[in-house]
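Numbering (the numbering used here), first residue to last: 705 to 1205.
Below you'll find the structure, written out as structure tokens, and then a few comments.
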């Protein structure tokens, strides 16, 4: 998207926010942050830039300015069966070699009862993985800029009445715009459904669900030469949409006109389908809350036929129930994507439906990405050139067979009893070690080991009515990324006010 589009979107959202009716009780939040980076080499360390919603440049960032404003729902209407509105916008400006202006958030939202509607782009979490210390959910990690979407959702687990609260559900249904270079104007279909067993106050709860993403539509002159499509316009009719929403192969739906499809679409599905099937259990004791989760990736029939069960994101979160504990939360994860159902793909033999080739696709060669960044786990990265450029027309990633061990820790450092502190000083650390095997088509010989880590400290001060110091130190050591040490130091100010009528 060009700068003119961003400016137009920003002006529209600001005008819309200003026109939102001020009802009985509405909260306005404004955040401003200015910061600077320092790097020992040109490339930003992995954890300084990953899962930051695309706002930190890959190469030589120097300084950043981040502004955010949001108006939340009317709290007096939030749980009533009455319509309430909100919205938000954030702007990020970066200086340095890769200086730019970004619009990571610009959205309007409305809620009626338990159903919400969102329009624009906003930060969100999809999946059952931990949302703070994790490597990120497999399919939707928060690594790229948010995708512009229209979305209906039940955001929080909502009890089903006749079960007396024992069964609760949440889910979403969305249409988005991905753009793209190799296939221009590609679209996104997205939906999710999750179930919780157990009442909110229960000591033991179980969770299960799935998310489903489809990249579809768009135009590409280059694809015509490959024989993978019959025309530059990829299937994008209403009937095509109904076909891909079902998740079935095109010939199985009985909806589409197969005469307009190339063999690639007839033997597969319309669009590039991917997601994860997730499970989790939660146990709360007097001292700790234990949360164990598993996200199972799927992208072809390998998961359906049970040949890729070895792949997935496994995690354990231990959270202290004592707000004064020094260590508040620990997350340990193991991510494996090396199996992929084996090295063979023979469509006629379910036991050999392997070589899933996560986040790559023969038609949509921009892969599972937005703006050049991986939408899913950042440990399946784009195949960058020597100057950080993306290749054109080849696979999106050259490293989708990985094993990752990861630990995240958060807690408190300093007591708020100190006169100059407005609250406890908080720290967060992420440490990851990965084994990178490349792909089945182009394996790394030998495999590449990589360590990446970060420590972040947030210090709330009494100065200037509540200024915050935000500091991070990140390191990369190994053969996948340049050996780099980098830091970030920022000053943040948050304003919050409640309007009443």
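All C-beta atoms, glycine included, are put in the ideal place defined by N, C-alpha and C.
| said: According to DSSP, is residue 1041 part of a helix, a strand, or is it coil? | reply: coil
| alpha helix (DSSP H) runs wholly inside the stretch 725-800, at least 4 long, in chain order | 750-753
| query | Can you name the start and end residues of the beta strand (DSSP E) that residue 1155 belongs to? | reply | 1147-1164
| message | Once DSSP output is grouped into helix, strand and coil, what is the label at residue 981? | response | Strand at residue 981.
| So, are the CB atoms of residue 1143 and residue 1105 less than 8 Å apart? | yes
| From residue 986 to residue 1024, what distance separates their C-alpha atoms? | 13 Å
| said: Going by beta-carbon coordinates alone, are residue 1012 and residue 981 separated by less than 8 Å? | reply: Contact flag unset, no.
| DSSP state of residue 949, grouped into three classes? | helix
| query | For residue 1174, which beta-bridge partners are listed by DSSP? | reply | 1162, 1194
| C-alpha gap between residue 804 and residue 977, whole angstroms | 32 Å
| message | Among the candidates 931, 870, 917, 878, whose CA atom is the shortest distance from the CA of residue 905? | response | 870
| query | Looking at the structure shown, is residue 1083 part of a helix, part of a strand, or coil, going by DSSP? | reply | Coil.
| query | In chain order, which beta strand (DSSP E) runs of at least 3 residues are fully inside the stretch 1110-1143? | reply | 1129-1142
| said: So, at 6 Å on beta carbons, what are the nonlocal neighbours of residue 1164 in its own chain, with the 5 sequence-adjacent residues on each side left out? | reply: 1126, 1127, 1172
| query | How long is the line joining the alpha carbons of residue 840 and residue 1080, rounded to whole angstroms? | reply | 8 Å
| field | 8 Å Cβ shell around residue 762 - same chain, five flanking residues per side excluded | value | 747, 748, 753, 802, 1088, 1092
| Could you give the C-beta distance for residue 1154 and residue 1190, rounded to a whole number, given that I count them as a contact under 8 Å? | Cβ-Cβ separation between residue 1154 and residue 1190: approximately 16 Å, too far for a contact (criterion under 8 Å).
| field | Touch test, the stretch 880-891 against the stretch 1060-1070, Cβ-Cβ under 8 Å, three pairs minimum | value | A contact exists between the stretch 880-891 and the stretch 1060-1070.
| When the Cα atoms are used, what is the spatial distance from residue 726 to residue 764? | Summary for residue 726: the model assigns pLDDT 47, below 50, so the residue's position carries little reliability; its value from the coordinates is reported in the next sentence. One C-alpha to the other measures close to 43 Å.
| So what's residue 1028 in DSSP terms, helix, strand or just coil? | coil
| Can you tell me whether DSSP reads residue 905 as helix, strand or coil? | Three-state result, residue 905: coil.
| said: Taking the alpha carbon of residue 917 as the reference point, which residue from 969, 1001, 868 has its own alpha carbon closest? | reply: 1001
| said: If you measure between the beta carbons of residue 755 and residue 824, is that distance less than 8 Å? | reply: no
| said: Looking at the secondary structure, which residues open and close the beta strand (DSSP E) in which residue 862 lies? | reply: 853-863
| Nearest to residue 1113 by CA position, among 1103, 1136, 1149, is which residue? | 1136
| Separation of residue 1161 from residue 1116, as counted between CA atoms | Cα-Cα distance, rounded: 9 Å.
| request: Would you identify the three-state DSSP class for residue 1185, choosing helix, strand or coil? | output: Collapsing the DSSP output to three states places residue 1185 in coil.
| task | Out of 769, 730, 777, point me to the one whose CA is closest to residue 798's CA. | result | The option with the nearest alpha carbon to residue 798 is 769.
| query | Anyone know if the C-beta pair for residue 858 and residue 818 falls short of 8 Å? | reply | Their beta carbons are under 8 Å apart, which means residue 858 touches residue 818 by this criterion.
| message | Can you tell me which residues form a DSSP beta bridge with residue 1199? | response | DSSP, once it has assigned bridges, lists 734 as partnering residue 1199.
| field | Test item: CB-CB of residue 1074 and residue 848 under 8 Å | value | yes
| request: Determine the direct distance from the alpha carbon of residue 949 to that of residue 695, and round the result to whole angstroms. | output: Outside the shown range of the chain (705 to 1205) lies residue 695, about which nothing can therefore be said.
| said: Only counting the same chain, and skipping five residues up and downstream in sequence, which positions put a Cβ closer than 6 Å to that of residue 1129? | reply: 1117, 1118, 1163
| Among 1180, 1184, 1055, 742, which one has its Cα closest to the Cα of residue 1008? | 1055
| query | What are the partner residues of residue 936, as DSSP defines its beta bridges? | reply | According to DSSP, residue 936 bridges with nothing at all.
| task | Please classify residue 942: is it buried, with 16 or more other beta-carbons within 10 angstroms of its beta-carbon, or exposed? | result | That one is exposed.
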